[in-house]
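Please read the structure below before turning to the comments.
2 protein chains.
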Amino acid sequence: MAQAVHLSRLTPISFLERSAAAFPARLAIVDGERRLTWGALRERVRRLAVALQESGLEKGDRVAFLAPNTTELLEAHYGVPAAGGVLVAINTRLTADEVAYILSHSGARALVADGSLAHLADGAPVERVLTCGEDGDYEQFLASASDGEPEDRLESEDDTISINYTSGTTGRPKGVMYTYRGAYLNALAEAVHARLDSRSVYLWTLPMFHCNGWCFTWAVTAVGATHVCLRKVDPPLVWTLIEDERVTHLNGAPTVLVMLTSDSAAHRLERRVLVTTAGAPPPPAVIERTEALGFEINHVYGLTETYGPITICEWNPAWDELDVGERARLKARQGLCMLTADPVRVVDSELNDVPADGKTMGEVVMRGNNVMKGYFGDEAATAEAFRGGWFHSGDLAVMHSDGYVDLRDRAKDIIISGGENISTIEVERALVRHRDVLEAAVVAIPDEKWGERPKAFVTLRPGATITADELLAFSRETLAAFKVPSEVEFGELPKTSTGKIKKYELRERERARRAQLTSSPA
Amino acid sequence: MAQAVHLSRLTPISFLERSAAAFPARLAIVDGERRLTWGALRERVRRLAVALQESGLEKGDRVAFLAPNTTELLEAHYGVPAAGGVLVAINTRLTADEVAYILSHSGARALVADGSLAHLADGAPVERVLTCGEDGDYEQFLASASDGEPEDRLESEDDTISINYTSGTTGRPKGVMYTYRGAYLNALAEAVHARLDSRSVYLWTLPMFHCNGWCFTWAVTAVGATHVCLRKVDPPLVWTLIEDERVTHLNGAPTVLVMLTSDSAAHRLERRVLVTTAGAPPPPAVIERTEALGFEINHVYGLTETYGPITICEWNPAWDELDVGERARLKARQGLCMLTADPVRVVDSELNDVPADGKTMGEVVMRGNNVMKGYFGDEAATAEAFRGGWFHSGDLAVMHSDGYVDLRDRAKDIIISGGENISTIEVERALVRHRDVLEAAVVAIPDEKWGERPKAFVTLRPGATITADELLAFSRETLAAFKVPSEVEFGELPKTSTGKIKKYELRERERARRAQLTSSPA
Chain G
1 MAQAVHLSRL
11 TPISFLERSA
21 AAFPARLAIV
31 DGERRLTWGA
41 LRERVRRLAV
51 ALQESGLEKG
61 DRVAFLAPNT
71 TELLEAHYGV
81 PAAGGVLVAI
91 NTRLTADEVA
101 YILSHSGARA
111 LVADGSLAHL
121 ADGAPVERVL
131 TCGEDGDYEQ
141 FLASASDGEP
151 EDRLESEDDT
161 ISINYTSGTT
171 GRPKGVMYTY
181 RGAYLNALAE
191 AVHARLDSRS
201 VYLWTLPMFH
211 CNGWCFTWAV
221 TAVGATHVCL
231 RKVDPPLVWT
241 LIEDERVTHL
251 NGAPTVLVML
261 TSDSAAHRLE
271 RRVLVTTAGA
281 PPPPAVIERT
291 EALGFEINHV
301 YGLTETYGPI
311 TICEWNPAWD
321 ELDVGERARL
331 KARQGLCMLT
341 ADPVRVVDSE
351 LNDVPADGKT
361 MGEVVMRGNN
371 VMKGYFGDEA
381 ATAEAFRGGW
391 FHSGDLAVMH
401 SDGYVDLRDR
411 AKDIIISGGE
421 NISTIEVERA
431 LVRHRDVLEA
441 AVVAIPDEKW
451 GERPKAFVTL
461 RPGATITADE
471 LLAFSRETLA
481 AFKVPSEVEF
491 GELPKTSTGK
501 IKKYELRERE
511 RARRAQLTSS
521 PA
Chain U
1001 MAQAVHLSRL
1011 TPISFLERSA
1021 AAFPARLAIV
1031 DGERRLTWGA
1041 LRERVRRLAV
1051 ALQESGLEKG
1061 DRVAFLAPNT
1071 TELLEAHYGV
1081 PAAGGVLVAI
1091 NTRLTADEVA
1101 YILSHSGARA
1111 LVADGSLAHL
1121 ADGAPVERVL
1131 TCGEDGDYEQ
1141 FLASASDGEP
1151 EDRLESEDDT
1161 ISINYTSGTT
1171 GRPKGVMYTY
1181 RGAYLNALAE
1191 AVHARLDSRS
1201 VYLWTLPMFH
1211 CNGWCFTWAV
1221 TAVGATHVCL
1231 RKVDPPLVWT
1241 LIEDERVTHL
1251 NGAPTVLVML
1261 TSDSAAHRLE
1271 RRVLVTTAGA
1281 PPPPAVIERT
1291 EALGFEINHV
1301 YGLTETYGPI
1311 TICEWNPAWD
1321 ELDVGERARL
1331 KARQGLCMLT
1341 ADPVRVVDSE
1351 LNDVPADGKT
1361 MGEVVMRGNN
1371 VMKGYFGDEA
1381 ATAEAFRGGW
1391 FHSGDLAVMH
1401 SDGYVDLRDR
1411 AKDIIISGGE
1421 NISTIEVERA
1431 LVRHRDVLEA
1441 AVVAIPDEKW
1451 GERPKAFVTL
1461 RPGATITADE
1471 LLAFSRETLA
1481 AFKVPSEVEF
1491 GELPKTSTGK
1501 IKKYELRERE
1511 RARRAQLTSS
1521 PA
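Protein sequence lines correspond, in order, to chains G and U.
Just so we're aligned, residue 1 is where the first sequence starts under our numbering, counting upward by one.
Just so we're aligned, residue 1001 is where the second sequence starts under our numbering, counting upward by one.
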């Protein structure tokens, strides 16, 4: 009987097959002037897979892509696995050295680079480089494919479909392996939570190279919605596309929301747009300002190691009655596991759950189908990350009595002052509540008496005139005295390509400044 | 590394766990006067599972339920598998003998019967009978459970979660085995296609004993929507509940739509209700009348062996422009595979695809995650059904050029007249187009010259005065002459408990009548 009954393996490639069958003539991709139907996209994907196999790609070989959010990078999410390869989508804002490290570490056989990034592909340690764009050879490569379907090389749904390198804010980036099964299940959960359907239009404000676009590369395709590509988060262009393409969904870190809502093109939406946000805990004030324009926010949380989002702050309709600030505060919590994920836990160093009291901090740990298979070529780091059978996020949080996780800090960001923990997120939120403040980042600075003290780096809105003392006085209204920053510095904040504030750079800058002060003659 | 990384098995029990965590105080079930929150439902399920284990249930033991759509039957979909048992939900309109056959064939150790059906449980061949309702002992059984969680006995996601007996219109019913994995994946697909979310309200017009309610027992729970129980499709009550409980979704065979739309309480809806319909190909006229009241129809198709629905007629927005009749005709097609299913095929007797010409008939065959594991205790029937590696539906269809399947007949219903195939569905549709016709069923009658000829059994709307000749003349407008029925008989149509017309009974009745005519003195 086992032989009689066929169980299909879970693979997101089936999503493209289905949408190409169901909606062959409907719009799959808008990419600048270019518009492709599902039928045309499927044909390009078939050609990519066949051409890769015909050029000698073998099962499990890595194929790297270095591109902004383009048609080519989207089709790579289907064509590379359809050929039996493993997709390595590389962060486009890395240096040539960093790119070379990832190519070399992943052992990629080929690199496909967008024309705009050709300089990063020079001398890349791969057998073959293909370039997209007018003068490139990628289209020729697709055209070289024979007729017929690629050979199916999927052996198990637990095969690796992609490797996503961590941003490597500390140390060398690690290669996070996703499986076909995990990608499939996470994509379905994203589709349900974002209420995607075949009439949705998804704008690519989130980089596809970031956790495979939180699996929206696959989720949007699963329902046959339209992908609208975007090379760069250019706020006026985003506002134009929202209207012109009738966008219904977009994703991004809270800083993307700040950019959009503070842009001069910002206006109240005529139709609701669902924004899924993650990447850093969104300050309640940012949620409030964004929703005031007619966006609806799904606040989710995750890491590269969890295929992007793994929790969602599910909204309780009873909260509709609360005032706007309280609503935003509740929505700023990270919430609970998404539909296809296992429940996440907040634990002490012995892997015991901390009390669900909203006060006791512990580390967020996860496991299940929406957690990576491991770090590529690094069994030691994998074993360390999964000690006790749970993936250790390095994020510190409290568990509320309603079972919602609320992040307090990255383990490495928390400030310990006079033996007390100070959550930098809490201090940042207290500052961003002020309407003159656009963004804030708080880091620890050394202090002789207290060990560490908080220092705030703050970006003000254009035209704001508030002084540091006034801002500190304002923060005292909601913060315990020992949490009020000892110093405030105004200016731009350094950010990663995915919009996360580089706190380690602020700490570095601070350390360098202090070293200089100490060594300078008094 | 394999040990470090935990892959969770797919089980729909996780949907209840998640909704109980996310929405503990929100309404899970409305069942007459009774209202239960997700927290309360989870506690009842825990008690059921623990009580079953404490009463000696072992892994894989069958537990039968005989109940209309009640809280108890819904909780059985979680409590029985949570105990490691296999749920056998029995059709409530069977005779005591038929129920006894299923109990005996499935080897059920226990039977839980609704008080209203206690007469069917008398002398049931099981170790223990529990009865729900005021004088029953089911609540006491739940109350007997110890504290703590049931022992987790799931070994593999391919374990059997339920056995659903076919209606057995010919021969003895067969026990169709569903797996945890199949139930989970089908439920997710249903949730996406029906656009269910946590604010949805689902009315149980479809029996839960029928393919586990097409897996909506699990799908509605997955998103934390509200289940509204219903003991019987009582059209005025349905109309009342739609308004009072703010119903957003319901499912049913086309006959349910006929009952609802022809009821005197029928009126234009204030809010759209999504109706998922299957069980028989809906005549375009029925679709048209239903949508005119503000329902939106998802037309799906499947069998008990495919967890209920496996295809959906995905709507192409280009069709919005067509006239209402043409739209209904397009929507009456069975369409293509649902999101988590494998593509279905229409094949000849050698398993070759028939041409996608909308004309060549073949058999619909399926395989994949949304197809049963096999028939319980019947390897021969399983092997026969899966010959060539594909499940043979026994349904005849054509494949259109756009890849949509369009059912023509059950293999056993098709009429062969003078060497030509006549699709009884096509003839029925031609009759139901007439506004005086409520429903029609066409079957073969023996004919000396042609071998077989179509005979129509027709139910007219109240007050209709059309004659048989007038109806035949009307049908000639759209049917080829050889397809026009040779006889018409007006009256009620015999139906199964799930609303399917019992064509075999019409054929039997006809055979008996003819035998009598032949043997009677002239």
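For glycine and all other residues, C-beta sits at the position ideal for the given N, C-alpha and C.
How long is the line joining the alpha carbons of residue i and residue j, rounded to whole angstroms?
i                : j                : result
I466 of chain G  : T205 of chain G  : 32 Å
I312 of chain G  : L339 of chain G  : 9 Å
V238 of chain G  : R387 of chain G  : 43 Å
K1359 of chain U : P1343 of chain U : 20 Å
A4 of chain G    : P1235 of chain U : Reliability fails at A4 of chain G, whose pLDDT of 46 lies under 50, so the model's placement of it is uncertain and the value that follows must be treated cautiously. Answer to the nearest angstrom: the Cα atoms are 43 Å apart.
H193 of chain G  : K1059 of chain U : 34 Å
P24 of chain G   : A1332 of chain U : 20 Å
P462 of chain G  : A1028 of chain U : 49 Å
M1 of chain G    : A1383 of chain U : In this predicted model, M1 of chain G has a pLDDT of only 36, less than 50, meaning its place in the structure is not dependable; the value taken from the coordinates is given anyway. Computed Cα separation, rounded: 7 Å.
A522 of chain G  : P281 of chain G  : Residue confidence is low: A522 of chain G scores 45 on pLDDT, short of 50, so the model does not pin down where it sits. Its coordinate-derived value is still stated next. Their Cα atoms are separated by approximately 41 Å.
P150 of chain G  : Y78 of chain G   : 12 Å
L250 of chain G  : I297 of chain G  : 10 Å
V488 of chain G  : V324 of chain G  : 28 Å
I1445 of chain U : K1502 of chain U : 15 Å
Y478 of chain G  : C211 of chain G  : It is Thr, not Tyr, that sits at residue 478 of chain G in the sequence shown. Spanning the two alpha carbons is a distance of roughly 36 Å.
A464 of chain G  : G394 of chain G  : 36 Å
L1142 of chain U : D1031 of chain U : 18 Å
W450 of chain G  : E326 of chain G  : 33 Å
R514 of chain G  : E508 of chain G  : 10 Å
L41 of chain G   : V233 of chain G  : 24 Å
Starting from the Cα of residue i, find the closest Cα among the options and give me that residue.
i                : options                               : result
S1167 of chain U : U:L1111, U:G1182, U:V1099 and U:V1300 : U:V1099
R1289 of chain U : U:A1022, U:R1329 and U:G1279          : U:R1329
L1087 of chain U : U:V1432, U:K1502 and U:L1048          : U:L1048
V442 of chain G  : G:P485, G:L460 and G:H400             : G:P485
G377 of chain G  : G:G175, G:S14 and G:L94               : G:G175
E1452 of chain U : U:I1414, U:E1426 and U:V1432          : U:I1414
L351 of chain G  : G:H392, G:D61, G:A22 and G:L57        : G:H392
A1124 of chain U : U:I1102, U:A1145, U:K1373 and U:E1428 : U:I1102
M1399 of chain U : U:V1371, U:F1490 and U:D1357          : U:D1357
L1036 of chain U : U:P1454, U:G1419, U:A1022 and U:T1226 : U:T1226
Is the distance from the Cβ of residue i to the Cβ of residue j below 8 Å?
i                : j                : result
V275 of chain G  : G252 of chain G  : yes
V1405 of chain U : V1365 of chain U : no
S1198 of chain U : G1182 of chain U : no
T304 of chain G  : N164 of chain G  : yes
L1185 of chain U : N1369 of chain U : yes
R26 of chain G   : Y180 of chain G  : no
L946 of chain U  : M1208 of chain U : Past the edges of chain U, shown from 1001 to 1522, lies residue 946 of chain U, and the structure says nothing about it.
L1471 of chain U : V1458 of chain U : yes
V247 of chain G  : V286 of chain G  : no
L130 of chain G  : L66 of chain G   : no
Please report the Cβ distance between residue i and residue j, rounded to the nearest whole angstrom; I am assuming they are in contact, meaning their Cβ atoms lie under 8 Å.
i                : j                : result
L1336 of chain U : G1403 of chain U : 6 Å
A1108 of chain U : V1126 of chain U : 5 Å
L438 of chain G  : V258 of chain G  : 6 Å
Given that residue i touches chain G, what residues does it touch there, using C-beta distances under 8 Å?
i                : result
D1197 of chain U : V192 and R195
R1018 of chain U : L336, C337, L339 and P343
At 7 Å on the CB atoms, spell out the chain U contacts of residue i, in chain order.
i               : result
N369 of chain G : L1007 and S1008
V223 of chain G : V1192
Determine the chain G residues that contact residue i at a beta-carbon separation under 7 Å, and present them in chain order.
i                : result
A1022 of chain U : E314 and L336
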